[in-house]
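Q:
There are 2 protein chains.
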Amino acid sequence: MQFTSETTEQGVTERGFDLHVEGERVPGILWLPEGATGPRPLLLLCHGGMQHKRVDTILAKARSFVRHLGYACISIDNPGHGERASEAELAQARALRGATSLPPIDPGRMKQLAARVARAVGEWKAVLDAAQALPEVGDGPVGWWGLSMGTAIGVPFVAGEPRVRAAVLGLAGVRNEEFGRLARQITVPAMVMCQWDDEVAPRDSVLALFDALGSSDKTLHANPGRHVQVPPYERQAWEEFFARHLGRASSPPAPGA
Amino acid sequence: MQFTSETTEQGVTERGFDLHVEGERVPGILWLPEGATGPRPLLLLCHGGMQHKRVDTILAKARSFVRHLGYACISIDNPGHGERASEAELAQARALRGATSLPPIDPGRMKQLAARVARAVGEWKAVLDAAQALPEVGDGPVGWWGLSMGTAIGVPFVAGEPRVRAAVLGLAGVRNEEFGRLARQITVPAMVMCQWDDEVAPRDSVLALFDALGSSDKTLHANPGRHVQVPPYERQAWEEFFARHLGRASSPPAPGA
Chain F
1 MQFTSETTEQ
11 GVTERGFDLH
21 VEGERVPGIL
31 WLPEGATGPR
41 PLLLLCHGGM
51 QHKRVDTILA
61 KARSFVRHLG
71 YACISIDNPG
81 HGERASEAEL
91 AQARALRGAT
101 SLPPIDPGRM
111 KQLAARVARA
121 VGEWKAVLDA
131 AQALPEVGDG
141 PVGWWGLSMG
151 TAIGVPFVAG
161 EPRVRAAVLG
171 LAGVRNEEFG
181 RLARQITVPA
191 MVMCQWDDEV
201 APRDSVLALF
211 DALGSSDKTL
221 HANPGRHVQV
231 PPYERQAWEE
241 FFARHLGRAS
251 SPPAPGA
Chain H
1 MQFTSETTEQ
11 GVTERGFDLH
21 VEGERVPGIL
31 WLPEGATGPR
41 PLLLLCHGGM
51 QHKRVDTILA
61 KARSFVRHLG
71 YACISIDNPG
81 HGERASEAEL
91 AQARALRGAT
101 SLPPIDPGRM
111 KQLAARVARA
121 VGEWKAVLDA
131 AQALPEVGDG
141 PVGWWGLSMG
151 TAIGVPFVAG
161 EPRVRAAVLG
171 LAGVRNEEFG
181 RLARQITVPA
191 MVMCQWDDEV
201 APRDSVLALF
211 DALGSSDKTL
221 HANPGRHVQV
231 PPYERQAWEE
241 FFARHLGRAS
251 SPPAPGA
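Listed in order, the protein sequences are those of chains F and H.
Numbering-wise (UniProt numbering), the first sequence opens with residue 1 and increments by one.
Numbering-wise (UniProt numbering), the second sequence opens with residue 1 and increments by one.
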């Protein structure tokens, strides 16, 4: 993990990094409380399709998790996204920015996605290894937050990664038997997000994901609206979910301490 | 509304009352912040079947809504419950206390329930009128919280009561066309609770209630477990839901004020 930049704003230090994984450069960001030392919970924030490591919703979550809970947060550009996207992919992402409805995923793109998911799972493991080697992150509990493509990657990743202790998933459904089998292997506490009028991940397939998860402690939040219209107030629910299952890095000092 | 008792504990004043509605005595409880004056949001807490106005879950909610949000809260014994239950009904309620699974509702009981729901809706309207006439309650925004039988009563009540601005419903499904029609008339923000393995209100019927609600702002929380196993952490979600839609009675004074 080679750090390439560092800035601090309102108590949150943001460090850009590069990690080389199987011949590819994986650019990422690590957020930490300013001056952080010692181990703390680590949250892996996995962006969705046509997004990137510093898309506004990821950035806002990272900052609030760091400020409110004292966590470390990490985001990377997944294969084919952000700094790793082709000109054509960037143009498509730009064209769909601000759209309230997304086109269906065609079979060609689905096949490409499957190959990228397999690669991304390995990258996230390498990122987690590298992050936990830092003394200011350490081997505290790990959480996964990823919707849509972040769940396509998250389900195989979390199913095979015992360090992850809690996961927010959703906006993605059970599309095949293998995915259902992996979902059943997940036994850590999970929150699943479902958009009731989702044009990309149909409601019933997302309910099937919730049903399939092997977790005894799981909770589903469903809201009206299309794929990209998750209500902003759910961020607070995610914070409470992770605080409940991963704890907080530290409490503010007691008065007079 | 004749007050029959008053106690104050940890900043919460609890007043027992009787209200006479169409020839029957309706006993209830009003909770307020100690020394409350002036209008504030009012929450109507409607207990479920075989429960009563001061069942532990209602009492805990009332106290926390008063303490955390400064609300007024009201609960009554619904027809055939609490002080209005027969010896046989009390014995049945005692027998089922602590049960993790409830028996199905037979057709005879369903018919009795329908008659009681109609009566309860009128009683809640009378209770709301009387409460709003108190200067320490006033005509602030009103919320409804009621699961299971509290939704059987709540859907017709909220559909016909423009003073209600937000409702927590659930653990009850759309059982007939009339109920679905009333649900579609509800347009205020709503949260629906669904128990994934509900033996009383099957999952699909509760999802149908969520679907039927006419509210553009609605959210579903589903959790594994049977009818009576709603996770305790959802109380915080209800608090945030009402705070979002009804506001808070007052903020703590600014530092130095």
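Note that CB positions come from ideal geometry on N, CA and C, so glycine has one too.
What is the C-beta distance between Gly80 of chain H and Glu89 of chain H, in whole angstroms, given that I count them as a contact (C-beta under 8 Å)?
A: On the second sequence, position 80 is the one that residue 80 of chain H refers to. On the second sequence, position 89 is the one that residue 89 of chain H refers to. At roughly 6 Å, the Cβ-Cβ gap stays under 8 Å, so Gly80 of chain H and Glu89 of chain H are in contact.
Q: Roughly how many whole angstroms lie between the Cα atoms of Thr4 of chain H and Pro103 of chain H?
A: Against the second sequence, residue 4 of chain H aligns to sequence position 4. Against the second sequence, residue 103 of chain H aligns to sequence position 103. Distance between the alpha carbons of Thr4 of chain H and Pro103 of chain H: 36 Å.
Q: Less than 8 Å between the CB atoms is what I'm expecting for Asp204 of chain H and His227 of chain H, so what's the real figure, rounded?
A: For the purposes of this step, residue 204 of chain H is taken as residue 204 along the second sequence, with counting starting at 1. For the purposes of this step, residue 227 of chain H is taken as residue 227 along the second sequence, with counting starting at 1. That pair is no contact at about 15 Å.
Q: Listed in chain order, which residues of the segment 227-252 of chain H have Cβ atoms closer than 8 Å to some Cβ of chain F?
A: Answer in chain order: Pro231, Tyr233, Gln236, Ala237, Glu240, Arg244.
Q: Please report the straight-line C-alpha distance between Gly143 of chain F and His221 of chain H, rounded to a whole angstrom.
A: For this step, residue 143 of chain F is matched to residue 143 along the first sequence. For this step, residue 221 of chain H is matched to residue 221 along the second sequence. C-alpha separation (whole angstroms): 21 Å.
Q: Below 8 Å, can you find three or more Cβ-Cβ pairs linking the segment 184-191 of chain F to the segment 183-203 of chain H?
A: The segment 184-191 of chain F, when compared against the segment 183-203 of chain H, does not touch it at the 8 Å Cβ threshold.
Q: Contact check, Leu43 of chain F vs Ala249 of chain F under 8 Å by CB: the rounded distance?
A: In the first sequence, residue 43 of chain F corresponds to position 43, counting from 1. In the first sequence, residue 249 of chain F corresponds to position 249, counting from 1. With a Cβ gap of about 11 Å, Leu43 of chain F and Ala249 of chain F do not count as contacting.
Q: Counting C-beta neighbours from all protein chains within 10 Å, is the total for Val109 of chain F 16 or more, i.e. buried, or is it exposed?
A: Locating residue 109 of chain F in the first sequence gives position 109, where the first residue counts as 1. One point to set straight first is that residue 109 of chain F is Arg, not Val, in the sequence displayed. Flag for Arg109 of chain F reads exposed.
Q: Measure the CB-CB distance between Thr8 of chain H and Pro135 of chain H and report whether it falls below 8 Å.
A: As a first step, residue 8 of chain H is located in the second sequence; it is residue number 8 there, counting from the start. As a first step, residue 135 of chain H is located in the second sequence; it is residue number 135 there, counting from the start. No, the Cβ-Cβ distance between Thr8 of chain H and Pro135 of chain H is not below 8 Å.
Q: So with CB distances below 9 Å, who are the chain F contacts of Leu220 of chain H?
A: Here residue 220 of chain H refers to the residue found at position 220 when the second sequence is read from its first residue. Result: Cys194, Trp196, Leu220, His221, Ala222, Asn223.
Q: By how many angstroms is the C-alpha of Arg116 of chain F removed from the C-alpha of Arg181 of chain F?
A: By one-based count along the first sequence, residue 181 of chain F stands at place 181. By one-based count along the first sequence, residue 116 of chain F stands at place 116. When rounded, the distance between both Cα atoms is 19 Å.
Q: Can you tell me whether Asp18 of chain H is helix, strand or coil according to DSSP?
A: Locating residue 18 of chain H in the second sequence gives position 18, counting from the first residue. In this structure, Asp18 of chain H counts as strand in the three-state DSSP scheme.
Q: With distances taken between CB atoms, is the gap from Met66 of chain H to Val12 of chain H smaller than 8 Å?
A: Counted from its first residue, the second sequence places residue 66 of chain H at position 66. Counted from its first residue, the second sequence places residue 12 of chain H at position 12. Reading the sequence as shown, one finds Val at residue 66 of chain H and not Met. Yes, Cβ-Cβ distance for Val66 of chain H and Val12 of chain H is below 8 Å.
Q: Measure how close the beta-carbons of Met191 of chain H and Val168 of chain H come, nearest whole angstrom, since I'm counting them as under 8 Å.
A: What you label residue 191 of chain H is simply residue 191 of the second sequence in a count that begins at 1. What you label residue 168 of chain H is simply residue 168 of the second sequence in a count that begins at 1. Rounded, the Cβ-Cβ distance is 5 Å, consistent with contact.
Q: Quick one: is Ser216 of chain H near chain F, going by C-beta distance under 8 Å?
A: Along the second sequence, read from residue 1 onward, the residue named residue 216 of chain H stands at position 216. True, the Cβ-Cβ gap to chain F drops below 8 Å.
Q: State the Cα-Cα distance for the pair Arg54 of chain F and Met1 of chain H, rounded to the nearest angstrom.
A: Within the first sequence, numbered from 1, the residue matching residue 54 of chain F stands at position 54. Within the second sequence, numbered from 1, the residue matching residue 1 of chain H stands at position 1. Whole-angstrom Cα-Cα distance: 58 Å.
Q: Excluding the 5 residues flanking Arg15 of chain H on each side, which residues of the same chain have their C-beta closer than 6 Å to its C-beta?
A: Indexing the second sequence from 1 puts residue 15 of chain H at position 15. So the list reads Phe3, Glu6, Leu30, once near-sequence residues are dropped.
Q: CB-CB under 8 Å to Gln112 of chain F, same chain, minus the five flanking residues each way: which ones, in chain order?
A: Taking the first sequence and counting its residues from 1, the one referred to as residue 112 of chain F is at position 112. These residues qualify, in order along the chain: Gly80.
Q: Quick one, are the C-beta atoms of Ala72 of chain H and Ala131 of chain H less than 8 Å apart?
A: Here the question's residue 72 of chain H lines up with position 72 in the second sequence. Here the question's residue 131 of chain H lines up with position 131 in the second sequence. A contact, by the Cβ cut-off of 8 Å.
Q: In terms of residue numbering, what span does the beta strand (DSSP E) encompassing Ala167 of chain H cover?
A: Stepping through the second sequence from its first residue, residue 167 of chain H is reached at position 167. Per DSSP, Ala167 of chain H belongs to the beta strand (DSSP E) from 164-170.
Q: Could you tell me the boundaries of the beta strand (DSSP E) in which His221 of chain H lies?
A: For this step, residue 221 of chain H is matched to residue 221 along the second sequence. Where His221 of chain H is concerned, the enclosing beta strand (DSSP E) stretches over 218-223.
Q: From Pro141 of chain F to Leu19 of chain F, what does the alpha carbon distance come to, in whole angstroms?
A: By 1-based counting over the first sequence, the position of residue 141 of chain F is 141. By 1-based counting over the first sequence, the position of residue 19 of chain F is 19. Distance between the alpha carbons of Pro141 of chain F and Leu19 of chain F: 22 Å.
Q: Report the residue from H:Lys61, H:Val230, H:Met50 whose alpha carbon sits nearest the alpha carbon of Ala85 of chain H.
A: Position 85 of the second sequence, counting from 1, holds the residue named residue 85 of chain H. Among H:Lys61, H:Val230, H:Met50, the Cα nearest to that of Ala85 of chain H is on H:Met50.
Q: For Gln195 of chain F and Ala208 of chain F, what's the separation of their Cα atoms in angstroms?
A: Stepping through the first sequence from its first residue, residue 195 of chain F is reached at position 195. Stepping through the first sequence from its first residue, residue 208 of chain F is reached at position 208. Between Gln195 of chain F and Ala208 of chain F, the C-alpha separation is close to 13 Å.
Q: Does DSSP classify Thr100 of chain H as helix, strand or coil?
A: The residue labelled residue 100 of chain H in the question sits at position 100 within the second sequence. In the structure shown, Thr100 of chain H sits in coil (DSSP, three-state: anything other than H, G, I, E or B).
Q: For the alpha helix (DSSP H) containing Thr8 of chain F, list its first residue and its last residue.
A: By 1-based counting over the first sequence, the position of residue 8 of chain F is 8. It is not in any alpha helix (DSSP H) - Thr8 of chain F instead sits in the beta strand (DSSP E) that spans 2-9.
Q: Cα separation between Gln236 of chain F and Asp77 of chain F?
A: As a working mapping, residue 236 of chain F is identified with position 236 in the first sequence. As a working mapping, residue 77 of chain F is identified with position 77 in the first sequence. When rounded, the distance between both Cα atoms is 25 Å.
Q: Can you look up Glu161 of chain H in the DSSP assignment and give me helix, strand or coil?
A: In the second sequence, residue 161 of chain H corresponds to position 161, counting from 1. Three-state DSSP puts Glu161 of chain H in coil, outside helix and strand.
Q: With distances taken Cα to Cα, identify the nearest neighbour of Glu234 of chain F among F:Ala126, F:Leu32, F:Leu147.
A: The residue given as residue 234 of chain F occupies position 234 in the first sequence. The residue with the shortest Cα to Cα distance from Glu234 of chain F is F:Leu147.
Q: Who are the Cβ neighbours of Pro231 of chain F in its own chain at under 7 Å, not counting the five residues just before and after it?
A: The residue given as residue 231 of chain F occupies position 231 in the first sequence. Only Asn223 meet the Cβ criterion.
Q: Ignore the nearest five residues each way along the sequence and tell me which others in Trp238 of chain H's own chain have a CB closer than 8 Å to its CB.
A: As a first step, residue 238 of chain H is located in the second sequence; it is residue number 238 there, counting from the start. Closer than 8 Å at Cβ, skipping near neighbours: Lys61, Trp145, Val168, Met191.
Q: Return helix, strand or coil for Ile58 of chain F, following the three-state DSSP convention.
A: For the purposes of this step, residue 58 of chain F is taken as the residue at position 58 of the first sequence. Helix.
Q: Per DSSP, what kind of secondary structure is Gln195 of chain H in: helix, strand or coil?
A: By 1-based counting over the second sequence, the position of residue 195 of chain H is 195. Looking at Gln195 of chain H - three-state DSSP - the assignment turns out to be strand.
Q: Just tell me which of F:Ala120, F:Leu45, F:Glu83 has its CA closest to the CA of Val21 of chain F.
A: By one-based count along the first sequence, residue 21 of chain F stands at place 21. Taking only the C-alpha atoms, the option nearest Val21 of chain F is F:Ala120.
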